[in-house]
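Numbering (this note's numbering), first residue to last: 17 to 511.
The following block contains the structure:
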């Protein structure tokens, strides 16, 4: 499997695309005016403790107060998750929040989830600082190894090396990341020395800085991409900005010199995303419907509570019988769903409605295909068996807004409903509002301002109804079309 990472830089926006076998799999976006804050460490001030929610709101200097739950404060053996790698460390029950925090208290916290929608950022006091091969857990003594490193001998070697090195640098805990597999002790020692320096700076700033100060800021998107996304399969990292290319080269030379030859400056005339068809893929990733090669299709709906994926056969007729057609469509859909979740960065609860299958073995194979396809995902995913209704429930860890919510906003005409009232419905709403206004206020005449479509319908198809209404109310009614009005908008003005 060939893999490339493309970095597109413009003055106010940086985008990173992960391409596997010529297809876009992931897209990461960072805009100058709104950088993500996941991973940042702050010296916050407790704004309000809420015993009923076992949580507190903490002011850290963002637009909205951030949320800190008691479970994210008390852990005897804190774990951490990095790009889907989780240390299997137990979390004890939380103590009462009133025993842990008080209003006005200063506290060092880290953002684990960006502000999403109307919700503030999610915080933890269990700090974790990632580097190329390791994640530092300064409040822990545990050494954990990524579950993606499967070779037992290598797991044992890495744990032994890191345990010895950790004892020389304060005895902190570490999670050994997937990238560490096969790395010599010298490379791990450099990482530990770097993380120790970073933590010393954070501790010093924590003592000296005022409340609502940032103590540590994660790397910019291009540097994070090189740190977190480069694996053995990645052949090239192509960058279309000379300045960013130089920064990446300097970063790689310092922390991962063996990768220096993979960083390449792209200087072609065509925009780099156009060359790989990324712009078209981004446009398609905002559509609800996703076509499958077989002729079937997915329908993806993202709501506040969950994301639903409906699988349909469409025009796919198959070669043998209905069960075989359904099975083949579901197998293709399972792979497509896994890709769409990564591409659209959909998280939280996800419900997949595969086409009904009678054969239990077909169900098992579809589930296995889904799980296998999700194995490439950097985010942690959990997939459950088919429910009695034939649905597959799963979760995907969400730390930032989905692609659609980063790039789109609710339609001003329908306010995100996906439909608008018909001109007929709006017409009768206007008639009711006219009647209501005349009964409440004194007026000789009335002026109705509405969208051109609604006014056209009233004057053409409802002229008789308007005449009857004028006679019934004893008032003159005039209609005025305004291009600025949306279809559902109107005003009844008393003259």
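We treat Cβ as the ideally placed atom computed from N, Cα and C, and that holds for glycine.
Residue i, DSSP secondary structure in three states
i: residue 411; result: strand
i: residue 236; result: coil
i: residue 26; result: strand
i: residue 444; result: helix
i: residue 46; result: strand
i: residue 458; result: coil
i: residue 318; result: strand
i: residue 99; result: Because the pLDDT of residue 99 is 42, which lies under 50, any placement of that residue in the model is unreliable, and the question is left without a value.
i: residue 515; result: Given that the chain is displayed from residue 17 to residue 511, the structure contains no residue 515 and the question cannot be resolved.
i: residue 345; result: helix
i: residue 87; result: helix
i: residue 114; result: helix
i: residue 41; result: strand
i: residue 354; result: helix
i: residue 416; result: coil
i: residue 271; result: helix
Beta-carbon proximity list for residue i, same chain, < 7 angstroms, skipping 5 on both sides
i: residue 100; result: Here residue 100 scores only 43 on pLDDT, less than 50, and its place in the model should not be relied on; the value that follows carries that caveat. 393, 394, 395, 396, listed in sequence order.
i: residue 98; result: Bear in mind that the predicted position of residue 98 carries a pLDDT of just 44, short of 50, making it too unreliable to give a figure here.
i: residue 379; result: 373, 402
i: residue 235; result: 243
i: residue 70; result: 85, 86, 110, 113
Beta carbon of residue i nearer than 8 angstroms to that of residue j
i: residue 52; j: residue 46; result: yes
i: residue 42; j: residue 250; result: no
i: residue 410; j: residue 366; result: yes
i: residue 165; j: residue 179; result: no
i: residue 24; j: residue 267; result: no
i: residue 258; j: residue 278; result: no
i: residue 59; j: residue 222; result: yes
i: residue 237; j: residue 423; result: no
i: residue 382; j: residue 449; result: no
i: residue 443; j: residue 478; result: yes
i: residue 390; j: residue 354; result: yes
i: residue 57; j: residue 124; result: yes
Cβ-Cβ separation, residue j to residue i (assumed contact under 8 angstroms), whole Å
i: residue 5; j: residue 232; result: Only positions 17 to 511 of the chain appear in this structure, which leaves residue 5 out of reach.
i: residue 399; j: residue 387; result: 5 angstroms
i: residue 199; j: residue 149; result: 6 angstroms
Counterpart residues of residue i in DSSP-defined beta bridges
i: residue 229; result: 59
i: residue 143; result: Per DSSP, none; premise fails for residue 143.
i: residue 496; result: 465
i: residue 179; result: Beta-bridge pairing links residue 179 to no other residue.
i: residue 70; result: None; residue 70 has no bridge partner.
i: residue 82; result: 74
i: residue 371; result: DSSP, once it has assigned bridges, lists no residue as partnering residue 371.
i: residue 126; result: 57, 140
i: residue 135; result: 132
i: residue 19; result: 36, 250
Residues of its chain near residue i, where Cβ-Cβ distance is below 8 angstroms and the 5 sequence neighbours each way are ignored
i: residue 308; result: 314, 330, 332, 345, 348, 349, 352
i: residue 241; result: 21, 23, 32, 44, 253
Beta-carbon proximity list for residue i, same chain, < 6 angstroms, skipping 5 on both sides
i: residue 140; result: 88, 126, 128
i: residue 362; result: 323, 418
i: residue 82; result: 74, 76, 136, 137, 139
i: residue 203; result: none
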